[in-house]
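Notes for the one structure printed next.
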Amino acid sequence: MAEIALPLNLEMAATEEMLGIALRHRPHAACIVPEKREERTTEGGLDAAGQNEHLAYFVESLSAANIRVSLFIEPSEEQVAAAVRLGAPVVEFHTGRYAHVEGEERAAELKRIADCAALAVKNGIEPHAGHGLTFDNVVPIAAIPQIAELNIGHFLIGEAIFTGLDASVRRMRELMDSAR
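Counting from 900, one number per residue, gives the positions in the sequence shown under my numbering.
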């Protein structure tokens, strides 16, 4: 934390160990995500609705420490409603399904993400999005006016192997800006 001048967003599972790390280091933000890849929800986001009681403690503890809490959730009304109940100021919509389907399915998924982003804003929650976004599919997501932030780190690091990190980030930023 002392070595960077930028806000740090810690991705964390809702475990005591991760909560301890977050409270010790006090990042700007913490995004609560599923813990293991084997979990059904890992490929679709955190089940905030089904884990409401478990998550409440983590959201409250992080918030009390002035750490901005985000929940990595599926873009659905049920999950947005759970985020509202939990008092999370931010949600990050899982865009993996959008990234892996095509044609009419992709259009339907894009609409679902846009509708949930509007619902989040209506309820006082800042919507973010991420997972599986690339140079080829980011523009429609970036064009959703309510989306405040995109999380695309994994793809950018992979691209950096071929073009360098600076070039990868610049290209992604140009695509995102062109959508706005």
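Just so you know, even glycine gets a beta-carbon here, dropped at the ideal spot from N, CA and C. Here the structure is a predicted model, which means the values were calculated and not measured.
Between ALA998 and ILE1012, the C-beta spacing is not below 8 Å. The DSSP assignment places 967 to 972 and 989 to 993 as complete runs of the beta strand (DSSP E) inside the stretch 939 to 1005, in order along the chain (cut-off: 3 residues). Only exposed fits PRO906, as fewer than 16 other CB atoms lie within 10 angstroms of its CB. ALA1007 and PHE992 have their C-alpha atoms spaced approximately 15 Å apart. C-alpha of GLU915 to C-alpha of LEU1064: approximately 34 Å in a straight line.
Residue environment: SER975 is assigned as buried (16 or more neighbouring CB atoms within 10 Å of its CB, all protein chains considered). Burial is judged here by how many other beta carbons sit within 10 angstroms of a residue's own beta carbon; GLY944 has at least 16 and is buried. Nearest to GLY986 by alpha-carbon distance, out of VAL958, THR1062, LEU918 and ARG923, is VAL958. In summary, ASP1076 is exposed, with fewer than 16 beta-carbon neighbours lying within 10 Å of its beta-carbon over all protein chains present. In this structure, DSSP gives HIS1027 an extended state, which the three-state scheme calls strand.
Comparing C-alpha distances from GLU1073 to each of ILE1056, VAL1037 and ASN1050 shows the shortest one belongs to VAL1037. The shortest C-alpha to C-alpha distance from ILE1024 to any of GLY1052, VAL968 and GLU1003 is the one to VAL968.
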